[in-house]
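Participant: The following block contains the structure, expressed as structure tokens.
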Amino acid sequence: MANKVADSISREEFFYGHKACAGCGGSLAVRAALKVLGKNAVSVLPAGCMSAVGFNFPQLCFSNNSIISTFAGTASMLTGVEAGLRAKGYKDFTAVGFAGDGGTADIGIQALSGAIDRNDNIIYICYDNEAYMNTGIQKSGLTPFGAKTTTTPAGQNIHGNIRPKKNMFEIAAAHDIPYAATASVGYLPDFIEKVRKASQIQGTKYIHVIAPCPTGWGIPVDETINIAKEVVDSGLWYLAEYENGQFTLNHKPKSFTSVEDYLKKQGRFKHLTDEDIKIITDSRDKKWDHIEKNFIYR
Amino acid sequence: MSKKFLSGNEAFAEGIRLARPEVISAYPITPQTIVVERLSEMVEDGSLTAEYVHVESEHSALSCAIGASAAGARAFTATSSQGLLYMAECLYYAAGGRFPIVMMNADRSTALPWNIYGDQRDSLSQLDSGWIQAYAENAQEALDLALMSYKIAENKAVSTPYMANLDGFILTHTYETVDIPEREQADRFLPPYETDNRIDFDNPKNMAFSAGPDTNYIFKFKEHQGVLAARQVIRDTEKEFAEIFGRKYSGLIDTYLTDDADYILVTLGSIAGLCRETADKLRENGVKAGVVRIRYMRPFPNEEIAEALKNARAYGVLEKDISFGNEGAVFTNVNSALKKAGINISGYNFIGGLGGRNISAGDIQDIFSGLINGTDSVNFIGIGGVNNG
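Here the protein sequences come in this chain order: A and B. All residue numbers for the first sequence refer to this note's numbering, where the first residue is 18 and numbers rise by one. All residue numbers for the second sequence refer to this note's numbering, where the first residue is 143 and numbers rise by one.
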């Protein structure tokens, strides 16, 4: 399976020579998605990690047409690029956005909602590393409960972030978007297939891919893929799609791996108490009750 | 050429229709709404072929226009007041990226207190954003600016976005008889937008990038040169416009009876007509009064203003703006022009029309009395002088 998927994507590199940190999950997501979409992809990236590491004149690292947007403007610039190219008579292109969790769930959510509402023919990929990593690991709306960041310190009184992640996947789906999906760079073939599927659907597509950040998560740089698998295997993340009004679960672990093991491998969760871990486990179980009731599995 | 009875907003929309924008991003705000309403009707009835995008905010309106311009399309949007401030980040972005977008701004007061009426505090707060800024006086000029704007902005030496300002309500909602140019004439005047500053599938580009301390200043210098280049391009464009359409414009400023004037009032926008009328009355009583109407705040008419004011005894600047803690922004700019030219005459600032407050003929007569007899440096019409020390 994996080899077949690997063979199906371009050998060409479209995001190359950038200065992302070793083990960067975000750059892997961008690299893989562009290998699916090919040279006629036009990438829009807001201020954030990927634009910071790839767009420093004269060191410009995208070999497809790419542009930085304002932080809040990933989706609105995608709209403009798509409308502009269509107005100029182009047909064979894909307007794709790559925004981080803060750029998507916080400052960019209004523009994203507008684009989905208009059903603009764009792919919006959120690479979720669960904090504002580019500015030095501050809490975002997608930082999970309990995570220590530089603005949610883990002390005696407060144990890191006190709020759970926003559910961007279901927020996108609530617009009745033509296609939304969750993914993880730990399950790269699944992500690649979702990008390919999105590229063949008319209208707005939203893909939310978990992309670990070794720097911000406190893991070794060669653990990105493993931890991105484990977040799915422990049930703290899930691989799913929304299409034609239906939620589908793509991958159902037979039994969940240990939540505690997943958490304790990461510096950002080291401080968590048994009670904190129980809150996280209970929240996972509640989420899976919801999935069992509302998602079909195939 | 046909004639229509149009408001300033409608006239501007007619000018934009003739300019054939390919992408229009629209978000409503009083008193701009009629522009985007008329454009939506033109797209509906087929008299304008454009992608009409219903964005969900002004920030997205300009962000979308930047994306469209980066795709090589001619882009238009319109805003006012709070909307202009909300999209402010994108103003600098569009200018730095050298995207020749045209935007109409209905000049309106900014909150707090809330107020929907016209003053110029919104656009004048954005003088440093890198946009060309024009101020129309009447509906005909509004239409003509709409048509000329793209030709100026898209000129390769300029490649700078263009903001056309219409006084809220006083100009946007006042009806006048307006000449509508023929489609053939407009097409002859304004060719399609051609640029290298765009997405190119044969030669892919990385656009809107970062530039560190080693190169950033070079991009900023070039941006400055682009706005400065508009000085000559505006003159050339108006010459060509006059040849095709028969209406003449006078570049960055419009002067009235300034050649022999002892007392000159400098202003901008729709109040200029009343200023000229007052000058006529004063001349009947032997006072040599004149008026300068600034048509472009950026590029700023330094030489033109110095030339117009050099033989005057005193000048005043009447503006619907105040830079709190100092003076009106226009006054600051005019003073700088005179200082650079070595002209040292008495100058006074008159702040009026804030939040749409009427400026009467009597107010303007009082302003001229202030120029003749001397007054405070900065004066709030209806309140009096304020110590600027």
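Beta carbons are placed, not taken as given, at the ideal position from N, Cα and C, and that holds for glycine.
Does the segment 319-331 of chain B touch the segment 281-298 of chain B, meaning 3 or more C-beta pairs lie closer than 8 Å?
Facilitator: yes
Participant: Taking residue 41 of chain A and residue 230 of chain A to be in contact with their CB atoms under 8 Å, please state how far apart those CB atoms are, rounded to whole angstroms.
Facilitator: Counting from one through the first sequence, the residue named residue 41 of chain A turns up at place 24. Counting from one through the first sequence, the residue named residue 230 of chain A turns up at place 213. About 7 Å; that satisfies the 8 Å criterion.
Participant: Tell me which residues of the segment 124-142 of chain A have at least one Cβ-Cβ distance to chain B shorter than 9 Å, keeping chain order.
Facilitator: 127, 128, 130, 131, 132, 134, 135 and 137
Participant: Once the 5 residues before and after residue 265 of chain B are set aside, which same chain residues still bring their CB inside 7 Å of it?
Facilitator: Residue numbering aside, residue 265 of chain B sits at position 123 when the second sequence is read from its first letter. The answer, listed in chain order, is 226, 247, 249, 275, 305 and 307.
Participant: Cα separation between residue 216 of chain A and residue 54 of chain A?
Facilitator: As a working mapping, residue 216 of chain A is identified with position 199 in the first sequence. As a working mapping, residue 54 of chain A is identified with position 37 in the first sequence. If you take the alpha carbons of residue 216 of chain A and residue 54 of chain A, they lie about 7 Å apart.
Participant: Tell me whether the beta-carbon of residue 281 of chain B lies closer than 9 Å to the beta-carbon of residue 371 of chain B.
Facilitator: Numbered from 1 along the second sequence, position 139 holds the residue referred to as residue 281 of chain B. Numbered from 1 along the second sequence, position 229 holds the residue referred to as residue 371 of chain B. Taking 9 Å as the Cβ cut-off, residue 281 of chain B and residue 371 of chain B do not qualify as a contacting pair.
Participant: Give the interface partners of residue 80 of chain A over in chain B, defined as CB-CB distance under 7 Å, in chain order.
Facilitator: The residue given as residue 80 of chain A occupies position 63 in the first sequence. Those within 7 Å of residue 80 of chain A in chain B are 346.
Participant: Buried or exposed: which applies to residue 297 of chain B, given that a residue is buried once 16 or more other Cβ atoms fall within 10 Å of its Cβ?
Facilitator: Start at 1 with the first residue of the second sequence, and residue 297 of chain B comes out as number 155. By the neighbour-count rule (16 or more Cβ atoms within 10 Å), residue 297 of chain B is buried.
Participant: Assuming residue 456 of chain B contacts residue 513 of chain B under a Cβ cut-off of 8 Å, what Cβ separation, rounded to an integer in Å, is found between them?
Facilitator: Mapped onto the second sequence, residue 456 of chain B falls at position 314. Mapped onto the second sequence, residue 513 of chain B falls at position 371. About 4 Å separates the two Cβ atoms, so the contact holds.
Participant: Helix, strand or coil: how does DSSP classify residue 273 of chain A here?
Facilitator: The residue you call residue 273 of chain A lines up with position 256 of the first sequence. Here residue 273 of chain A sits in coil by DSSP.
Participant: Are the beta-carbon atoms belonging to residue 447 of chain B and residue 493 of chain B less than 9 Å from one another?
Facilitator: Taking the first residue of the second sequence as 1, we reach residue 447 of chain B at position 305. Taking the first residue of the second sequence as 1, we reach residue 493 of chain B at position 351. It is not a contact, given that the beta carbons lie outside the stated cut-off.
Participant: Chain A partners of residue 357 of chain B, CB-CB under 7 Å?
Facilitator: On the second sequence, position 215 is the one that residue 357 of chain B refers to. Those are 74, listed as they occur along chain A.
Participant: Please say whether residue 310 of chain A and residue 258 of chain A have beta carbons closer to each other than 9 Å?
Facilitator: For the purposes of this step, residue 258 of chain A is taken as the residue at position 241 of the first sequence. For the purposes of this step, residue 310 of chain A is taken as the residue at position 293 of the first sequence. No; because the gap between Cβ atoms is not below 9 Å, this pair is not in contact.
Participant: Give the single residue among B:438, B:390 and B:236 whose Cα lies nearest to the Cα of residue 409 of chain B.
Facilitator: Here residue 409 of chain B corresponds to residue number 267 of the second sequence, with the count starting at 1. Considering only alpha carbons, the answer is B:438.
Participant: Can you tell me where the alpha helix (DSSP H) with residue 249 of chain B in it begins and where it stops?
Facilitator: Walking along the second sequence from the start, residue 249 of chain B turns up at place 107. Residue 249 of chain B -> not in any alpha helix (DSSP H); beta strand (DSSP E) instead, spanning 244-249.
Participant: Using a beta-carbon distance below 9 Å, is residue 231 of chain B in contact with chain A?
Facilitator: Reading the second sequence from its first residue, position 89 is the one you call residue 231 of chain B. For residue 231 of chain B, a Cβ of chain A is located within less than 9 Å of the residue's own Cβ.
Participant: Check whether chain E comes within 9 Å of residue 89 of chain A, counting only Cβ atoms and requiring the distance to be less than that.
Facilitator: Here chain E cannot be found, since the structure's protein chains are A and B.
Participant: Name, please, each residue of chain B whose Cβ falls closer than 7 Å to the Cβ of residue 59 of chain A.
Facilitator: Reading the first sequence from its first residue, position 42 is the one you call residue 59 of chain A. The contacting residues are 341.
Participant: Is there at least one Cβ from chain A nearer than 9 Å to residue 349 of chain B's Cβ?
Facilitator: Against the second sequence, residue 349 of chain B aligns to sequence position 207. At least one chain A Cβ lies under 9 Å of residue 349 of chain B.
Participant: Check the Cβ-Cβ distances between residue 292 of chain B and every residue of chain A, and say whether any is below 9 Å.
Facilitator: Residue numbering aside, residue 292 of chain B sits at position 150 when the second sequence is read from its first letter. It does not: the Cβ of residue 292 of chain B has no partner Cβ on chain A nearer than 9 Å.
Participant: Provide the residue(s) that pair with residue 521 of chain B in DSSP beta bridges, ordered along the chain.
Facilitator: On the second sequence, residue 521 of chain B is found 379 positions in, with the first residue counted as 1. The partner list for residue 521 of chain B (beta bridge, DSSP) reads B:492 and B:527.
Participant: At a Cβ threshold of 9 Å, is residue 165 of chain B touching chain A?
Facilitator: The residue labelled residue 165 of chain B in the question sits at position 23 within the second sequence. Yes - at least one Cβ of chain A is within 9 Å of the one on residue 165 of chain B.
Participant: Near residue 165 of chain A, which residues of its chain fall below 7 Å by C-beta distance, leaving aside the five closest residues on each side in sequence?
Facilitator: Looking up residue 165 of chain A in the first sequence gives position 148. If we look at residue 165 of chain A and ignore the five residues flanking it on each side, its Cβ neighbours are 171, 177, 285 and 288.
Participant: Helix, strand or coil: which one does DSSP assign to residue 202 of chain A?
Facilitator: Reading the first sequence from its first residue, position 185 is the one you call residue 202 of chain A. It is helical.
Participant: By a C-beta neighbour count over all protein chains shown, 10 Å radius and 16 as the cutoff for buried, is residue 245 of chain B buried or exposed?
Facilitator: Mapped onto the second sequence, residue 245 of chain B falls at position 103. By the 10 Å Cβ count, residue 245 of chain B comes out buried.
Participant: Just how far apart, CA to CA, sit residue 238 of chain B and residue 362 of chain B?
Facilitator: One-based indexing of the second sequence puts residue 238 of chain B at position 96. One-based indexing of the second sequence puts residue 362 of chain B at position 220. Those two C-alpha atoms are separated by around 7 Å.
Participant: Contact check, residue 303 of chain B vs residue 242 of chain B under 8 Å by CB: the rounded distance?
Facilitator: Numbered from 1 along the second sequence, position 161 holds the residue referred to as residue 303 of chain B. Numbered from 1 along the second sequence, position 100 holds the residue referred to as residue 242 of chain B. Indeed, because the Cβ distance is near 6 Å, the residues count as touching under 8 Å.
Participant: Can you name the residues of chain A whose CB is closer than 8 Å to the CB of residue 228 of chain B?
Facilitator: As a working note, residue 228 of chain B is residue 86 in the second sequence. None at all; the shortest Cβ gap to chain A is about 10 Å.
Participant: Does residue 95 of chain A have its Cβ less than 9 Å from a Cβ in chain B?
Facilitator: Against the first sequence, residue 95 of chain A aligns to sequence position 78. Taking a beta-carbon distance threshold of 9 Å, residue 95 of chain A counts as an interface residue toward chain B.
Participant: Please check if any C-beta of chain A sits within less than 9 Å of the C-beta of residue 366 of chain B.
Facilitator: Here residue 366 of chain B corresponds to residue number 224 of the second sequence, with the count starting at 1. So no, residue 366 of chain B is outside the interface.
Participant: From the DSSP output, in three-state form, read off residue 396 of chain B for me.
Facilitator: Here residue 396 of chain B refers to the residue found at position 254 of the second sequence. Looking at residue 396 of chain B - three-state DSSP - the assignment turns out to be strand.
Participant: Let's test the definition: count the other Cβ atoms within 10 Å of the Cβ of residue 505 of chain B and tell me whether it reaches 16, buried, or not, exposed.
Facilitator: Counting from one through the second sequence, the residue named residue 505 of chain B turns up at place 363. Under this definition residue 505 of chain B is a buried residue.
Participant: Do you know offhand how far residue 224 of chain B's Cα is from residue 368 of chain B's?
Facilitator: The residue labelled residue 224 of chain B in the question sits at position 82 within the second sequence. The residue labelled residue 368 of chain B in the question sits at position 226 within the second sequence. The straight-line gap from Cα to Cα measures roughly 28 Å.
Participant: Ignore the nearest five residues each way along the sequence and tell me which others in residue 206 of chain B's own chain have a CB closer than 6 Å to its CB.
Facilitator: By 1-based counting over the second sequence, the position of residue 206 of chain B is 64. Cβ neighbours of residue 206 of chain B beyond the five flanking positions: 167, 195 and 197.
Participant: Along the segment 205-226 of chain B, where does the CB come closer than 8 Å to a CB of chain A? Name the residues.
Facilitator: Against chain A - using a Cβ distance shorter than 8 Å - the residues of the segment 205-226 of chain B are 205, 206, 207, 208, 209, 210, 211, 212, 213, 214, 215 and 217.
Participant: Since residue 349 of chain B sits in a beta bridge, which residues does DSSP pair it with?
Facilitator: The residue you call residue 349 of chain B lines up with position 207 of the second sequence. Bridge partners of residue 349 of chain B according to DSSP: A:84.
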